[in-house]
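To start, the structure under review is shown below, and the notes come after it.
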Amino acid sequence: ISDLHAHKAREKVIHILKERGFLTKSEDHKQAIGKCYRCRTVIEPYLSPQWYVKVKPLAGEAMKAVEQGKTKIIPQEWENTYFEWMRNIKDWCISRQLWWGHQIPAWYCLKCNKDEIKGSGVKGQGSREKFISVKAKPIVSRDEPNECPVCRSKEIIRDNDVLDTWFSSALWPFSTLGWPDVNKKELFRYYPTSALVTGFDIIFFWVARMMMMGLKFMNAAPFKDVYIHALVRDAEGQKMSKSKGNVIDPLVIMDKYGTDAFRFTLAAMAAQGRDVKLAEERIEGYRNFCNKIWNLARFTLMNLGDSYQPSAISYQLSLADKWILTRLNAAIKETTSALENYRFNDAANSAYQFVWHELCDWYVELIKLDLRGEDGEERKKTAQYVLLKVLKDSLKLLHPIMPFITEEIWDVLPQESEVRSQKSEVGRAAPASIMRQPFPEAGEDYPDDEREMTRVMDVIKAIRNIRSEMNVAPAAQIEAICLCADDAAGRLLTAGEKYIKGLAKVSHLKIQADKTNLTRPEDAAVAVAGNIEIFVPLKGLINFDEEAKRLARDIEKTEKEIEGLKKRLSSADFIERAPKEVVEKDKARVLELMQKKVKLEEGLERIKRGKGGK
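Numbered by the working numbering, the letters in the sequence shown go through residues 101 to 714 in order.
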């Protein structure tokens with residue numbers, strides 16, 4: 101039966117057993133049968149000769165490189181996985197029975213192995229139709245032999261097998277740079293490389309094998325750092341798979357939200373040692389961030405004008421200018437440190453917080469009067485200069501994560517002459533690519549001015565909170581009285597008066613440091629910012645009785661929702677049966693509602709105090 105297909109051989113075995121009287125019975129039974137994923141042919145397991153590499157001698161050097169710190173694995177806990185594989189390493193089967201791949205460098209003489217090689221085919225047609233016995237003697241050679249070194253026969257065929265793809269991949273760090281020609285300038289320049297970014301599931305299959313091959317053939321580990329990134333899961337924390345139907349197609353996502361938004365989402369969620377739970381809502385949120393950056397650039401260009409040219413003259417910086425430059429320095433330091441330590445989520449979030457919540461939400465609003473020239477031409481020029489500088493450095497911070505939108509904006513910004521390259525096809529001196537610019541470095545800090553500006557901003561936020569909680573119309577101009585604990589606070593608010601009036605929509609601001617002559621206004625809401633007490637008269641702005649009723653209704657509604665959620669969470673059956681994500685979501689909602697209730701109660705108390713003039 102040796103020349104029969106397995107299916108036919110089974111039938112023949114039954115026939116032989118029956119013919120010789122050895123067959124007791126024959127019956128069908130169900131079992132799991134493996135099939136080829138392409139042609140659905142039943143896979144028949146059988147022993148076959150394979151090629152192996154003895155890797156234990158190579159593993160020792162690869163372990164030493166990590167133990168001695170020549171190569172660092174980040175996060176460090178993945179070193180345990182690396183060492184576990186390497187300490188228990190077995191001989192590596194490197195041959196595969198596939199059509200594609202680097203062919204095994206082994207040949208066979210048909211004459212010397214006439215009894216060990218069966219099947220049709222002659223030299224020139226390959227050896228795919230031949231079966232090569234394990235007893236056949238191979239000719240292993242770097243170059244293809246023209247004849248058999250034993251009998252001088254020219255009837256030679258090559259081994260059917262190809263190398264395991266991981267063997268070929270293990271050579272990648274240097275084989276792509278001209279190796280084995282060790283004099284190639286690319287090999288000298290780029291080997292070893294600085295960092296490898298990869299997944300935890302191929303630490304042994306790829307990382308460890310590149311380490312072994314690099315140390316063997318190049319006498320140096322192929323990289324200094326190995327960063328193990330998180331696994332991207334679906335929004336519920338499940339591993340993505342086609343069978344589950346929960347795969348997020350990156351091409352679809354990039355087409356829908358933009359590549360920069362997708363990249364930024366992955367970076368912002370890539371905390372070391374934690375998997376990424378990817379939801380479209382997060383990507384949509386960072387798409388909005390891209391829009392924010394775009395609108396910031398448009399606002400900047402609109403307020404610079406077509407003829408603006410940056411110049412390095414001495415500028416008289418305002419309190420707001422010094423604040424934003426100090427905050428920029430902090431963002432540069434945080435982002436740089438995070439990138440250097442592979443904390444990509446911290447880098448992304450630091451840049452995000454600065455650009456959105458400090459540059460856009462605050463500084464842009466603080467300098468709008470200056471950009472209109474209401475405080476003179478010099479002040480306008482200073483605001484223009486600082487705004488452009490901060491925007492440029494922000495783009496540089498974001499560029500490693502958001503390369504496309506930052507490059508697009510950079511190309512249209514006014515540049516100093518040394519940043520511009522040769523004239524472009526459209527006839528103007530185009531700026532050199534942002535990727536060619538030096539990464540921003542922190543400049544001079546203004547810590548005292550930063551603290552003072554922060555106190556002014558606290559007053560603005562306090563007045564805004566009163567407006568929001570008391571339901572004051574957004575466009576309504578209000579009066580505010582600030583009672584300061586000392587003269588220094590009074591001088592600070594006087595210096596920041598235009599900011600308070602502009603951002604809190606205050607038509608009349610009274611600043612007083614003497615408590616003895618203070619007459620507390622009736623129907624006023626009260627807030628405290630540090631050592632500054634703030635009064636906002638509400639008479640004529642709201643109906644106190646109606647507002648009190650509205651807040652009472654909202655409190656009652658919130659209490660009922662809290663009660664319902666707590667009842668559900670107290671059910672052991674719900675906790676046991678509900679998905680973990682649903683339980684956590686309900687718990688978070690309870691905390692959110694409790695915070696909302698506190699705010700509503702504070703608002704109601706403020707209404708009562710205001711109505712009584714206390």
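C-beta: ideal position from N, C-alpha, C; glycine also.
- For Ile328, the closest C-alpha among the options Lys108, Ala308, Val559, Asp349 is that of Ala308.
- Asp325 is bridged by DSSP to Lys172, Ala295.
- Only residues of its own chain outside the window of five on either side were considered, and among them Cys209, Leu210, Lys211, Cys212, Glu247 have a CB closer than 8 Å to the CB of Ser253, listed in chain order.
- Residue range 106–119 is occupied by the alpha helix (DSSP H) that includes His115.
- Boundaries of the alpha helix (DSSP H) harbouring Tyr599: 597–604, taken from the DSSP string.
- Secondary-structure assignment with DSSP links His608 through a beta bridge to Glu579.
- The count of Cβ pairs closer than 8 Å, one atom from the region 594–602 and one from the region 567–576, stays below three, leaving the stretches out of contact.
- With a cutoff of 8 Å on beta-carbon distance, Glu177 and Gly373 are scored as near each other.
- Taking a 10 Å sphere around the C-beta of Ser195, we find 16 or more other C-beta atoms and assign the residue as buried.
- Taking C-alpha positions only, Arg555 is separated from Asp587 by approximately 14 Å.
- The C-beta distance from Asp325 to Ile174 rounds to 6 Å, short enough to fall under 8 Å.
- Per DSSP, Trp178 lies in no beta strand (DSSP E) segment; the continuous alpha helix (DSSP H) that holds it begins and ends at 178–187.
- Pairing Arg677 with Glu684, the inter-Cα distance amounts to about 13 Å.
- Per DSSP, the continuous beta strand (DSSP E) segment holding Pro238 begins and ends at 238–240.
- Going by DSSP, Cys209 is part of the beta strand (DSSP E) stretching over 206–209.
- Sequence-distant Cβ neighbours of Glu458 in its own chain, meaning closer than 6 Å and more than five residues away, are Arg427.
- Residue burial annotation: Thr400 is buried, with at least 16 other C-beta atoms found within 10 angstroms of its C-beta.
- Look at Arg472 here: in three-state DSSP terms it is coil, with no helix or strand label.
- The continuous alpha helix (DSSP H) containing Lys285 extends over residues 285–290.
- With 16 or more other Cβ atoms inside 10 Å of its own Cβ, Phe364 counts as buried.
- Across the set Glu255, Trp192, Glu144, Ser268, the C-alpha of Ser268 shows the shortest separation from the C-alpha of His202.
- Under DSSP, Ala625 shares a beta bridge with Val636.
- Uninterrupted beta strand (DSSP E) stretches at least 3 residues long and entirely within the region 139–167 do not occur.
- Secondary-structure assignment with DSSP links Ser407 through no beta bridge to anything.
- Three or more Cβ pairs closer than 8 Å define a contact, and the region 135–153 falls short of that threshold against the region 288–304.
- Rounded to the nearest whole angstrom, the CA to CA distance from Leu583 to Asp614 is 8 Å.
- Between Lys392 and Trp456 a beta carbon distance of about 6 Å is seen, short of the 8 Å cut, so the two are scored as contacting.
- Ile204 and Val113 have their C-alpha atoms some 36 Å from each other.
- For Lys218, the enclosing beta strand (DSSP E) starts and ends at 217–219.
- By the Cβ neighbour-count rule, Cys251 is exposed, with fewer than 16 other Cβ atoms within 10 Å of its own.
- In this structure, Ile581 places its C-beta atom within 8 Å of the C-beta atom of Gln612.
- Between Ala431 and Leu439, the C-beta spacing is not below 8 Å.
- Contact between Glu550 and Trp462 does not hold, since the beta-carbon distance rounds to 12 Å and is not under 8 Å.
- Minimum Cα-Cα distance from Asp264 among the listed residues Gly543, Met318, Ile232, Phe305 corresponds to Phe305.
- For Phe444 against Lys496, the beta-carbon gap comes to about 16 Å, at or over 8 Å, which does not count as contact.
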